[in-house]
Amino acid sequence: MNMAPRNLKAGEAASQDAIVRFESVSKSFPAGRASGEVIALDDIDLAAPRGSITAIIGRSGAGKSTLIRLVNGLEKPSSGKVLVDGTDIAPLGEKALRETRRQIGMIFQHFNLLSSRTVYDNVALPLEIAGVAAREIEARVTPLLDLVGLADKRNRYPSELSGGQKQRVGIARAIAMQPKLLLSDEATSALDPETTLSVLALLRRINQELGLTIILITHEMEVVKSIADHVAVIEQGRIVESGTTFDVFTRPEHETTKALLAGIPGMTLPEFVASRIRPEPSPGSEAVLRIVFTGTHATDPVLSRLSKELGLEVNILGGAVDEIAGRPFGTLIVSFKGDDAKIAETRAFLAGLGLTTEVLGHVA
Amino acid sequence: MSPDIAWLIVRATGQTLHMVSVAALIGSLIGIPLGVFLATSGRGELFHAPMTNRVLGAIVNATRSTPFIILVVAIIPFTRLVAGTSIGTTAAIVPLTLATIPFVARLVESAIREVDPGLIETARAMGASPFQIVWKVLLAEARPGITLALTLTVVSLIGYSAMVGAVGGGGLGDLGIRYGYQRFMPDVMLAVVVVLIVLVQLVQSAGDRLARHFDKRARPR
Chain C
186 MNMAPRNLKA
196 GEAASQDAIV
206 RFESVSKSFP
216 AGRASGEVIA
226 LDDIDLAAPR
236 GSITAIIGRS
246 GAGKSTLIRL
256 VNGLEKPSSG
266 KVLVDGTDIA
276 PLGEKALRET
286 RRQIGMIFQH
296 FNLLSSRTVY
306 DNVALPLEIA
316 GVAAREIEAR
326 VTPLLDLVGL
336 ADKRNRYPSE
346 LSGGQKQRVG
356 IARAIAMQPK
366 LLLSDEATSA
376 LDPETTLSVL
386 ALLRRINQEL
396 GLTIILITHE
406 MEVVKSIADH
416 VAVIEQGRIV
426 ESGTTFDVFT
436 RPEHETTKAL
446 LAGIPGMTLP
456 EFVASRIRPE
466 PSPGSEAVLR
476 IVFTGTHATD
486 PVLSRLSKEL
496 GLEVNILGGA
506 VDEIAGRPFG
516 TLIVSFKGDD
526 AKIAETRAFL
536 AGLGLTTEVL
546 GHVA
Chain H
5 MSPDIAWLIV
15 RATGQTLHMV
25 SVAALIGSLI
35 GIPLGVFLAT
45 SGRGELFHAP
55 MTNRVLGAIV
65 NATRSTPFII
75 LVVAIIPFTR
85 LVAGTSIGTT
95 AAIVPLTLAT
105 IPFVARLVES
115 AIREVDPGLI
125 ETARAMGASP
135 FQIVWKVLLA
145 EARPGITLAL
155 TLTVVSLIGY
165 SAMVGAVGGG
175 GLGDLGIRYG
185 YQRFMPDVML
195 AVVVVLIVLV
205 QLVQSAGDRL
215 ARHFDKRARP
225 R
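Same order as they appear, the protein sequences are chains C and H. So for the first sequence, my numbering puts the first residue at 186; every next one is plus one. So for the second sequence, my numbering puts the first residue at 5; every next one is plus one.
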C-alpha cells in the first residue's frame, strides 16, 4: 500500500497550524465478558488544520464515532496523545476538561435536543451551564436564531420542528459558546437529501463567516464531496488514506476509498460494461480507460485530439462532470481498440495534457 | 346520617389528608434524590458507585417487600423516637413516610432511566457538571414521568393510610372499619368509600393534567 507521500503532504500542511492533532492514538475497549479487548482505533495520526473542514469517513463500526469523541474527552485514548490547540486532552482533570469542552461545540445525528425546552432555551443551555447571566444569554441567543433562520420558532418545542429545523437548533446551540472547534457526529445522516444540502450549506457558511474549524464524521461521500477541505478514510480503526478532498476523490488509492466513492456518479462503470469487463485483453477486445479531468481541462477537446493525432476510434461508455471541494472535476470512461503499446502511448499523450488515467480492464 | 356521623367523616377526611400530604412531601423530598442516585450510580454512570448502588437497592427492595402493616408495628420504637409517641395521626405519618421513600425512589429511578442517554452525553460535551446534568437535563426531561410517579404515590398512600388505624392513626379507612364494619353502619361505610373514590379521582386527574402539561414530546394524534 503506497500512500506515504500523500499522508506526508497532509501532515505537512497540517503541521503549520493544526487545531486538533492525533499522535499515535489507539483505543481499545474490554470485550464484554470474554477476555481480551476490542481494538477500536489503531495507531491514528491525524491533524485538522485550523479554519478548515476535515471529514472522517468510514463505514459503521470503523471507529469514527470513537475518534471524534476523543477530541472532547468523551472517550479517553488507551495510548497516544490527542492535542487540542496544543493541549493534551487525556490527562486533564474533570474541571479542566469541562472548561475545554465549553470551547468545543458538538452536533449529533439525532440532534439530542431537550424535549422539555423551547428552541430558545435549548440554544441557551450551554450558556446557562457556563454560568452566563440571563441578559447576556438573551443578547447572544437572538442573533444565533437569526443566523440559523429560526427566529420565528423561538418559543416552539423540538417536537414541533422538522428534522432540518432541529439540526439548525443543534447547530445554534453548538456555536452558542463561540467555540473554536465544531464536532459533527453524522449530523446529516438522519435527514433527507434536500435538507442535508441546506444543513451542509449552513455549516459551510459558519466555517467561512466565523472561521470555525469543523471536524465531521460521516459515512456519506456526498457530504465529504460538498463541504470538506480534507478527508481521512478510516477502516477497521486505521486511517487508510488521507489528504485534500480533491486529491482523494480524483485519485483514490485504497480499496475502501474506492468502494465508498462507488456511489458518486462517474466513479463507477455502467452495469453493461461492468458485467463484461476482464482484467486481461482477449483477441479483438477493447481497452477501458478512465480519464480524470481536473480544473480547466474539463473544457479541452481531448477526444477529438485523440482521434486526430493518434488515430484512435474512441467509444464513450460513461462520464460525469461534478464539483468537489469547489473545484470542477470530470470523469470519462472510454474504450478503444489497441494493444499494450497503443494503450501506453495513449496514456502518455493524456498525461502530457495533464490528465490522470487509469486502465480499468478490457471488454470483448 | 346524623350530624355527629357527618362530623366524624369530615374529621377523618382531614386526618387522611394530613397523613397523606405530610408523608408524600417528606417521602418525595428523600425519595426523589434517592431515585436519581439509583438511576445514575451504576457501573460507568454519572456518579459511578456500584457498591453503594447495590446496597441502597437492596435496602429499597427489603422495605418494599415488607407488608405495610408489619412495617407499621415493627418500627414502633423508631416511631416513638421520631414522633414522641407511637399512637395517633402524627405517629402514623412515620411508617407512611418510611414506606413512601423506596416507593418514590423506584418510580423516579425508572422515570430517569427513560431519559435518552444521548442527552447526558450532549450535556457532558457542553461541559456540564454532574449536578447540572441532573438538574438541567435528567430532572427536567423526566418531569412528566416524575409527576405521574408522584401521583401514583399519593393514590397508593391514600390506600396505605387506611391501615394505620392499627396504631390509632385515624383517617377514613379507620372510620370505615370501626363504624361501617364493626358497628354495622353501612351508610358510614358507603360515605367513606365515596369520599375515598372522589379523593383518588381528584388526585389522579390533577396528576394526569399536570404531566400532560409538562410533556412536550410529540404525541401521536
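Even glycine gets a Cβ: it sits at the ideal position worked out from N, Cα and C.
With a threshold of 8 Å between beta-carbons, can residue i be considered close to chain H, or not?
| i | result |
| --- | --- |
| C:Asn297 | yes |
| C:Met291 | yes |
| C:Ser264 | no |
| C:Tyr305 | no |
| C:Glu313 | yes |
| C:Asn340 | no |
| C:Asn257 | yes |
| C:Leu310 | yes |
| C:Lys194 | Summary for C:Lys194: the model assigns pLDDT 44, below 50, so the residue's position carries little reliability; its value from the coordinates is reported in the next sentence. C:Lys194 does not count as touching chain H. |
| C:Ser369 | no |
| C:Asn187 | Low per-residue confidence applies at C:Asn187: pLDDT is 40, beneath 50, and the placement is therefore not dependable enough to give any value. |
Residues of chain C with CB under 7 Å from residue i, in chain order?
| i | result |
| --- | --- |
| H:Arg147 | Ser301 |
| H:Ser133 | Arg283 |
| H:Thr126 | Phe293, Asn297 |
Quick one: Cα of residue i to Cα of residue j, how far?
| i | j | result |
| --- | --- | --- |
| C:Leu329 | C:Asp337 | 12 Å |
| C:Asp228 | C:Asp331 | 42 Å |
| H:Gly92 | H:Pro134 | 42 Å |
| C:Arg463 | C:Pro437 | 21 Å |
| C:Ala413 | H:Ala144 | 37 Å |
| H:Ile137 | H:Ala127 | 6 Å |
| C:Lys443 | H:Ala222 | 41 Å |
| H:Met14 | H:Ala103 | The sequence given here has Val at residue 14 of chain H, not Met. Their Cα atoms are separated by approximately 26 Å. |
| H:Val112 | H:Ile30 | 15 Å |
| H:Arg216 | C:Thr516 | 58 Å |
| H:Asp219 | C:Gly236 | 41 Å |
| H:Val171 | H:Pro81 | 13 Å |
| C:Arg339 | C:Ala357 | 12 Å |
| C:Lys261 | C:Pro364 | 21 Å |
| C:Gly396 | C:Asp306 | 26 Å |
| H:Gln205 | H:Ser160 | 12 Å |
| C:Phe296 | H:Ser209 | 33 Å |
| C:Glu197 | C:Asp230 | For C:Glu197, the pLDDT reaches just 45, beneath the cut-off of 50, and the residue's location in the model is therefore unreliable, although a value from the coordinates is still provided. So the alpha carbons of these two residues sit roughly 12 Å apart. |
| C:Pro466 | C:His547 | 5 Å |
| H:Ile201 | C:Leu401 | 58 Å |
| C:Ile487 | C:Glu394 | Correcting the residue type first, residue 487 of chain C is Val in the shown sequence and not Ile. Those two C-alpha atoms are separated by around 39 Å. |
| H:Arg187 | H:Leu152 | 38 Å |
| C:Ile476 | C:Asn500 | 13 Å |
| C:Thr381 | C:Leu298 | 18 Å |
Closest Cβ-Cβ distance between residue i and chain C: below 8 Å?
| i | result |
| --- | --- |
| H:Val141 | yes |
| H:Leu226 | The first residue shown for chain H is 5 and the last is 225, placing residue 226 of chain H beyond what the model contains. |
| H:Ala222 | yes |
| H:Gln136 | yes |
I want to verify the contact list: residues of chain H whose CB lies under 8 Å from the CB of residue i, in sequence order.
| i | result |
| --- | --- |
| C:Arg423 | Simply none; closest approach about 25 Å. |
| C:Arg287 | Met130, Gly131 |
Just to confirm the assignment, what range does the beta strand (DSSP E) spanning residue i have?
| i | result |
| --- | --- |
| C:Leu545 | 541 to 548 |
| C:Asp524 | Careful: C:Asp524 lies outside any beta strand (DSSP E) and carries neither H nor E. |
| C:Gly504 | 500 to 509 |
| H:Val141 | Looking at the DSSP string, H:Val141 is not in any beta strand (DSSP E), and its letter there is neither H nor E. |
| H:Met193 | Segment 190 to 218 is the alpha helix (DSSP H) holding H:Met193; no beta strand (DSSP E) there. |
| C:Arg291 | The sequence given here places Met at residue 291 of chain C; Arg does not occur at that position. First-last of the beta strand (DSSP E) with C:Met291: 289 to 293. |
| C:Pro486 | Unbroken run through C:Pro486: none, as it is neither H nor E. |
At 9 Å on the CB atoms, spell out the chain H contacts of residue i, in chain order.
| i | result |
| --- | --- |
| C:Ser344 | Lys220, Arg221, Ala222, Arg223 |
For a contact defined as C-beta to C-beta under 8 Å, what are the partners of residue i on chain C?
| i | result |
| --- | --- |
| H:Ala144 | Leu299, Ser301, Arg302 |
| H:Gln205 | Here the premise fails: no neighbours, minimum Cβ distance about 28 Å. |
In terms of residues, what are the limits of the alpha helix (DSSP H) holding residue i?
| i | result |
| --- | --- |
| C:Glu440 | 440 to 446 |
| C:Asp432 | 430 to 435 |
| C:Ala417 | Counting along the chain, C:Ala417 falls outside any alpha helix (DSSP H), though it belongs to the beta strand (DSSP E) covering 415 to 420. |
| H:Val112 | 93 to 117 |
| C:Pro311 | 304 to 314 |
| H:Met167 | First-last for H:Met167: undefined, no H or E at that position. |
Count Cβ pairs between the segment 292 to 307 of chain C and the segment 361 to 381 of chain C that sit closer than 8 Å; are there 3 or more?
yes
Could you tell me whether the segment 318 to 328 of chain C touches the segment 278 to 286 of chain C, using the rule of 3 or more Cβ pairs below 8 Å?
no
Are three or more beta carbon pairs between the segment 488 to 498 of chain C and the segment 526 to 539 of chain C nearer than 8 Å?
yes
Would you call the segment 413 to 427 of chain C and the segment 239 to 254 of chain C in contact, with 3 or more CB pairs under 8 Å?
yes
Are the segment 172 to 179 of chain H and the segment 32 to 47 of chain H in contact at 8 Å, needing three or more beta carbon pairs?
In short, these stretches do not touch, since the Cβ pair count stays below three.
Would you call the segment 347 to 356 of chain C and the segment 385 to 395 of chain C in contact, with 3 or more CB pairs under 8 Å?
yes
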